[in-house]
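A short write-up of the structure that comes next.
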Amino acid sequence: MAKKYTDEFKQDAVGLVESWIAQKQVCADLGVSKSALQAWVAKAQYAKHGLSASSDPETTRASAQALKRIRELEMENEVLRRAAAYLSQANLKFPK
16 MAKKYTDEFK
26 QDAVGLVESW
36 IAQKQVCADL
46 GVSKSALQAW
56 VAKAQYAKHG
66 LSASSDPETT
76 RASAQALKRI
86 RELEMENEVL
96 RRAAAYLSQA
106 NLKFPK
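All residue numbers for the sequence shown refer to this note's numbering, where the first residue is 16 and numbers rise by one.
Pasting the structure below:
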(Lines of atoms letter the chains of each structure in order from A and count residues from 1; the text may use other names and numbers.)
(Lines give C-alpha, C1' and ligand atoms only; values in the text may rest on other atoms or scores of the structure.)
Protein backbone atom coordinates (compact mmCIF):
# COMPACT_ATOMS: atom_id res chain seq x y z
CA MET A 1 0.00 0.00 0.00
CA ALA A 2 1.34 3.40 -0.98
CA LYS A 3 2.23 5.87 1.74
CA LYS A 4 0.39 9.18 1.88
CA TYR A 5 2.56 12.22 2.48
CA THR A 6 1.29 15.63 3.51
CA ASP A 7 1.76 18.62 1.25
CA GLU A 8 3.99 20.19 3.88
CA PHE A 9 6.23 17.10 3.91
CA LYS A 10 6.48 17.22 0.10
CA GLN A 11 7.33 20.93 0.17
CA ASP A 12 10.02 20.33 2.77
CA ALA A 13 11.52 17.54 0.66
CA VAL A 14 11.52 19.75 -2.44
CA GLY A 15 13.06 22.56 -0.40
CA LEU A 16 15.94 20.30 0.58
CA VAL A 17 16.59 19.43 -3.07
CA GLU A 18 16.42 23.11 -4.04
CA SER A 19 18.98 23.89 -1.33
CA TRP A 20 21.47 21.71 -3.24
CA ILE A 21 21.22 18.55 -1.15
CA ALA A 22 21.49 15.50 -3.41
CA GLN A 23 18.21 13.75 -4.20
CA LYS A 24 19.75 10.44 -3.19
CA GLN A 25 20.57 11.86 0.25
CA VAL A 26 17.10 13.39 0.68
CA CYS A 27 15.49 10.06 -0.25
CA ALA A 28 17.64 8.22 2.28
CA ASP A 29 17.06 10.78 5.04
CA LEU A 30 13.29 11.01 4.57
CA GLY A 31 12.59 7.43 3.55
CA VAL A 32 10.89 8.23 0.24
CA SER A 33 11.41 6.70 -3.17
CA LYS A 34 13.47 8.48 -5.78
CA SER A 35 10.60 8.48 -8.27
CA ALA A 36 8.24 10.11 -5.75
CA LEU A 37 10.79 12.81 -4.93
CA GLN A 38 11.47 13.47 -8.61
CA ALA A 39 7.73 13.83 -9.25
CA TRP A 40 7.40 16.31 -6.37
CA VAL A 41 10.36 18.35 -7.63
CA ALA A 42 9.01 18.41 -11.19
CA LYS A 43 5.55 19.46 -9.99
CA ALA A 44 7.09 22.24 -7.89
CA GLN A 45 9.13 23.49 -10.85
CA TYR A 46 6.06 23.56 -13.07
CA ALA A 47 4.06 25.41 -10.42
CA LYS A 48 6.90 27.90 -9.87
CA HIS A 49 6.66 28.94 -13.52
CA GLY A 50 2.88 28.87 -13.80
CA LEU A 51 2.71 25.57 -15.67
CA SER A 52 0.68 22.54 -14.68
CA ALA A 53 1.56 18.89 -14.92
CA SER A 54 -0.66 16.92 -17.25
CA SER A 55 -1.36 13.28 -18.03
CA ASP A 56 -1.47 14.08 -21.77
CA PRO A 57 1.94 13.18 -23.27
CA GLU A 58 1.86 16.03 -25.81
CA THR A 59 1.07 18.62 -23.13
CA THR A 60 3.71 17.16 -20.84
CA ARG A 61 6.32 17.37 -23.62
CA ALA A 62 5.38 20.97 -24.39
CA SER A 63 5.55 21.91 -20.71
CA ALA A 64 8.95 20.25 -20.36
CA GLN A 65 10.26 22.17 -23.37
CA ALA A 66 8.86 25.42 -21.98
CA LEU A 67 10.46 24.76 -18.61
CA LYS A 68 13.80 24.00 -20.28
CA ARG A 69 13.62 27.25 -22.25
CA ILE A 70 12.73 29.20 -19.10
CA ARG A 71 15.82 27.78 -17.34
CA GLU A 72 18.02 28.72 -20.32
CA LEU A 73 16.68 32.27 -20.35
CA GLU A 74 17.16 32.61 -16.60
CA MET A 75 20.79 31.53 -16.96
CA GLU A 76 21.33 33.96 -19.84
CA ASN A 77 19.83 36.78 -17.77
CA GLU A 78 22.16 35.97 -14.88
CA VAL A 79 25.20 36.05 -17.17
CA LEU A 80 24.11 39.38 -18.63
CA ARG A 81 23.40 40.80 -15.16
CA ARG A 82 26.88 39.84 -13.97
CA ALA A 83 28.52 41.18 -17.14
CA ALA A 84 26.69 44.49 -16.77
CA ALA A 85 27.77 44.78 -13.14
CA TYR A 86 31.38 44.00 -14.05
CA LEU A 87 31.44 46.46 -16.94
CA SER A 88 29.84 49.22 -14.88
CA GLN A 89 32.57 48.77 -12.25
CA ALA A 90 35.30 48.75 -14.92
CA ASN A 91 34.13 52.10 -16.30
CA LEU A 92 34.22 53.91 -12.96
CA LYS A 93 36.99 56.48 -12.75
CA PHE A 94 38.81 56.59 -9.48
CA PRO A 95 40.48 59.83 -8.33
CA LYS A 96 44.25 59.82 -8.49
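In this text, a Cβ means the ideal position worked out from N, Cα and C, and glycines have one as well.
These figures come from a predicted structure and were not determined experimentally.
My understanding is that residue i touches residue j, with C-beta atoms under 8 Å, so please give their C-beta distance in whole angstroms.
i, j, result
"H64", "L52", "With 8 Å as the limit, H64 and L52 do not qualify as a contact, their Cβ atoms being about 19 Å apart."
"V41", "A28", "6 Å"
Using 9 Å as the threshold, is the C-beta distance between residue i and residue j below it?
i, j, result
"L66", "S78", "yes"
"V47", "E33", "no"
"A59", "Q26", "yes"
For residue i, which of helix, strand or coil comes out of DSSP?
i, result
"D22", "helix"
"A79", "helix"
"G46", "coil"
"W35", "coil"
"D71", "coil"
"L95", "helix"
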